[in-house]
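Residue numbers (the numbering used here), protein chains in the order written: chain Y, -4 to 132; chain R, 1070 to 1372. The beta-carbon is built from N, C-alpha and C at its ideal position, and this holds for glycine as well. Presented below is the structure to which this report refers.
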């Protein structure tokens, strides 16, 4: 019976934690709780080819991980903390090794109407802030 | 003197006493054996699939290391070689553990190895929530007898696993109120935007996204229903303790909920979707297994 109590208390223990204090393997399960605005900024990394065309950089190239949420969080955190140039250089290194046609990497915030953007054939940002730019060598 | 018999009124109504009875009831030893085998098998396969990803994580710059849980206590960021060695050893131990031999040693060793690897994976600035439950279930199983033989003690690990599962769903449900805007989460509007945001982000980053989400965001009723289904599944998880049809109905709804998350958001929670999160609640002994301990005799024999 004591093991039952320990297990239940342990799993419920994260209820005392704040949103920013998630952990493993005991979690406060904050997934699916954030509140995106109808027009939201997406921090991401994009590649630019020699012709000026943009190419999508996969989560593996942009964030060094196959997990898209992790990659997006990595980019957002870096840009928020002013480490855009550092991350840009790291991405450019991976892009160079990947054989991608990109010759430049941009760290940007693109603002989209999230419903229109999702429904559009070719989603266009309302506006863009460029936080970092670096060459692919 | 006339002897009278009084009809005793139960102190606790039958339905409400079910959870207590459920905690105390014995279960077939084979049920624990089967749940142990399929949980370990899932985790072994998970290690095989994720090791390459974990090795890549280990090569990320030092500035990305954000240790949580066990990784925070141990300190120091492990190298790619360390991750590889631990993954290979854990894989081997896990394969051995499938047979249930020397479980008292092998079980905890595998559980700790899996916990270390998954904690390491969660220590890079983003905690995903696909590995929490199998890691916890393995820890419970590690403390359990291997399940061989007939013993009244074989029931408790399954009950604890079930309570852990219930607890995680309840905490996730309460998080919707604690972090998700309280009662305003109930109108479905936030869920709709969340689904749109998540899919658009995936699309912009070249990741698979839900092809039907773009159509469904035009129908807010879908998300109003989705919100209530989510809350019934998460906050209603303790209904499992009532057993019978109610338990089966909850498991069906929980599985459908995870299917809905996959279809609407392209987010895969394999542990519940393959039914493993609910295995401790099911008569798993009916599943055929190929392990020595789990194999049924081909011919009847007397004991």
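(request) Step through the CB atoms of chain R and report whether any lies within less than 9 Å of the CB of residue 124 (chain Y). (result) no
(request) Could you run through the stretch 1242 to 1258 of chain R and flag, in chain order, every residue whose CB is less than 7 Å away from some CB of chain Y? (result) 1243, 1244, 1245, 1248, 1249, 1250
(request) Using a Cβ cut-off of 9 Å, pull out every chain Y residue sitting near residue 1197 (chain R), in sequence order please. (result) 26, 62, 64, 65
(request) Look at the Cβ atom of residue 69 (chain Y), then the Cβ atom of residue 1324 (chain R), and state whether they are nearer than 9 Å. (result) no
(request) Could you spell out the range, first to last residue, of the beta strand (DSSP E) harbouring residue 38 (chain Y)? (result) 34 to 44
(message) Between residue 1132 (chain R) and chain Y, is any beta-carbon pair separated by less than 9 Å?
(response) yes
(message) Counting C-beta neighbours from all protein chains within 10 Å, is the total for residue 1348 (chain R) 16 or more, i.e. buried, or is it exposed?
(response) buried
(message) So, under 8 Å CB-CB, residue 100 (chain Y) and residue 131 (chain Y) are touching, yes? Tell me the CB distance rounded to an integer number of Å.
(response) 6 Å
(request) Given a cut-off of 9 Å, decide if residue 1335 (chain R) and residue 1277 (chain R) are closer than it, judged by their beta-carbon atoms. (result) yes
(message) Quick check: the Cα distance between residue 72 (chain Y) and residue 83 (chain Y), rounded to an integer number of angstroms?
(response) 13 Å
(request) Identify the contact partners of residue 101 (chain Y) in chain R, using a Cβ-Cβ distance below 9 Å as the criterion. (result) Result: empty, since nearest Cβ-Cβ is about 13 Å, beyond 9 Å.
(request) Determine the chain Y residues that contact residue 1184 (chain R) at a beta-carbon separation under 9 Å, and present them in chain order. (result) 19, 20
(message) Quick check on residue 1090 (chain R): buried or exposed, where buried means 16 or more other Cβ atoms within 10 Å of its Cβ?
(response) exposed
(message) So with CB distances below 8 Å, who are the chain R contacts of residue 33 (chain Y)?
(response) 1262
(message) Considering only their Cβ atoms, is the gap separating residue 1260 (chain R) from residue 1296 (chain R) smaller than 9 Å?
(response) yes
(message) Beta carbons nearer than 7 Å to chain R: which residues of the stretch 2 to 13 of chain Y have them?
(response) 2, 3, 6, 7, 9, 10
(request) Buried or exposed for residue 1116 (chain R), please, with buried defined as at least 16 other CB atoms from any protein chain shown within 10 angstroms of its CB. (result) buried
(request) Pull out every residue of the stretch 105 to 121 of chain Y whose Cβ sits closer than 8 Å to any Cβ of chain R, in chain order. (result) 105, 107, 109, 110, 112, 113, 114, 118
(request) Could you work out which residue in R:1292, R:1270, R:1227 is closest to residue 2 (chain Y) when comparing CA atoms only? (result) R:1227
(request) Could you run through the stretch 76 to 97 of chain Y and flag, in chain order, every residue whose CB is less than 8 Å away from some CB of chain R? (result) 78, 81, 85
(request) Excluding the 5 residues preceding and the 5 following residue 1340 (chain R) in the sequence, name in chain order all residues of the same chain whose CB lies nearer than 6 Å to its CB. (result) 1202, 1203, 1346
(request) Use the C-beta contact count for residue 1131 (chain R): other C-beta atoms within 10 angstroms, 16 or more gives buried, fewer gives exposed. (result) exposed
(message) For the beta strand (DSSP E) containing residue 27 (chain Y), name the first residue and the last one.
(response) From DSSP, residue 27 (chain Y) is part of no beta strand (DSSP E); its letter is neither H nor E.
(message) Please tell me whether residue 1086 (chain R) has its Cβ less than 9 Å away from any Cβ of chain Y.
(response) no
(message) Looking only at its chain, what residues have a beta carbon closer than 7 Å to the beta carbon of residue 1305 (chain R), apart from the 5 residues adjacent to it on each side?
(response) 1319
(message) Just to confirm my understanding: we take residue 112 (chain Y), look at its own chain, exclude 5 residues before and 5 after, and list those with CB closer than 6 Å. What are they?
(response) 118
(request) Count the C-beta pairs between the stretch 1158 to 1165 of chain R and the stretch 1093 to 1105 of chain R that are closer than 8 Å, then say yes if the count reaches three, no if not. (result) no
(request) Within 10 angstroms of the Cβ of residue 122 (chain Y), are there 16 or more other Cβ atoms? Answer buried if so, exposed if not. (result) exposed
(message) residue 1177 (chain R) and residue 1239 (chain R) - do their beta-carbons sit closer together than 9 Å?
(response) no
(request) Inspect the beta-carbon positions of residue 1206 (chain R) and residue 1108 (chain R) and report whether they are closer than 9 Å. (result) yes
(request) Check whether the Cβ atoms of residue 1332 (chain R) and residue 1338 (chain R) lie closer than 9 Å to each other. (result) no
(request) Along the alpha helix (DSSP H) that carries residue 3 (chain Y), what are the first and last residues, could you check? (result) -3 to 7
(request) Counting only the same chain and skipping the five closest in sequence on each side, list residues whose C-beta sits under 6 Å from that of residue 1267 (chain R). (result) 1334
(request) Could you tell me the distance, in whole angstroms, from the CA atom of residue 1354 (chain R) to the CA atom of residue 1211 (chain R)? (result) 19 Å
(message) Measuring straight from C-alpha to C-alpha, what distance separates residue 1214 (chain R) and residue 1246 (chain R)?
(response) 39 Å
(request) With DSSP as the reference, please indicate the residues paired to residue 1200 (chain R) in a beta bridge. (result) Beta-bridge pairing links residue 1200 (chain R) to no other residue.
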